[in-house]
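Asker: Remember, my numbering sits 31 above the position in the sequence shown when you count from 1.
Have a look at this one before I ask anything.
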Amino acid sequence: MSKQYETVFILTPILSEAQMRDAVEKFRTLITENGGTLVHEENWGLRKLAYPIQKKNTGYYNVFEYASESGAVVDVLETEFRRDERVMRFLTIALDKDSLAYNEKKRKGLIGRKKEETTESKTEA
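Below, the structure written as structure tokens:
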């Protein structure tokens, strides 16, 4: 049975756009090569950190949601995060049925900022 995971990782802000895209592509490829299926990917962009990490106050945030038959893809991905000096922090969670339902609603725009933006645009018109 396939299990779904979500990984959030923060890349160092000293990277150029091309270097950031290369790093994200490397991790995306790692997931697919190790038997994972990418369900959804989000780039949150450059954001301020809650506290300094490695004397840096900002970082590039990225989120991968993926499915895997075994947890081996998670082990491989996290090992590569630890080895890669561009990654400042990462967190992987296994999604339960409630999390899957929430993520699905969020992608459809029923939860989160997209709904707020549409509500604001209706009141302005």
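Cβ atoms here follow ideal geometry from the backbone N, Cα and C, with glycine treated the same way.
1) Count Cβ pairs between the segment 122-133 and the segment 45-60 that sit closer than 8 Å; are there 3 or more?
2) Between the segment 93-107 and the segment 64-82, do at least 3 Cβ pairs fall closer than 8 Å?
3) Could you give the distance in angstroms between the alpha-carbon of residue 163 and the alpha-carbon of residue 37?
4) Measure from the C-beta of residue 140 to each C-beta in chain B and report whether the shortest distance is under 7 Å.
5) Below 6 Å CB to CB, which residues in the same chain sit around residue 94 once its five sequence neighbours on both sides are set aside?
6) Just to check, is the beta-carbon of residue 56 closer than 6 Å to a non-hydrogen atom of the ligand PLP?
7) If contacts are defined as beta-carbon pairs under 8 Å, then residue 114 and residue 92 qualify, I think. What distance do you get, rounded to the angstrom?
8) Are the CB atoms of residue 81 and residue 35 within a distance shorter than 7 Å?
9) Skipping 5 residues on each side, what residues in its chain have a beta carbon closer than 6 Å to that of residue 136?
10) Rounded to whole angstroms, what is the Cα-Cα separation between residue 63 and residue 85?
11) Indicate whether residue 71 and residue 96 have their beta-carbon atoms separated by less than 7 Å.
12) Closest to residue 76 by C-alpha separation, out of 33, 118, 51, 132, would be which residue?
13) Please give the ranges of any alpha helix (DSSP H) in the segment 51-130, keeping only runs that are unbroken, at least 4 residues long and fully inside the region.
Answerer: Answer, in terms of the structure:
1) no
2) Cβ pair count under 8 Å is three or more, so yes.
3) Any property of residue 163 remains undetermined from this structure, which presents the chain solely from 32 to 156.
4) The structure shown contains no chain B, having only a single protein chain.
5) 39, 73
6) Ligands displayed in this structure: none; no statement on the ligand PLP is therefore possible.
7) No, residue 114 and residue 92 are not in contact; Cβ-Cβ is about 20 Å, not under 8 Å.
8) no
9) 142
10) 30 Å
11) yes
12) Per the Cα distances, 51.
13) 103-114
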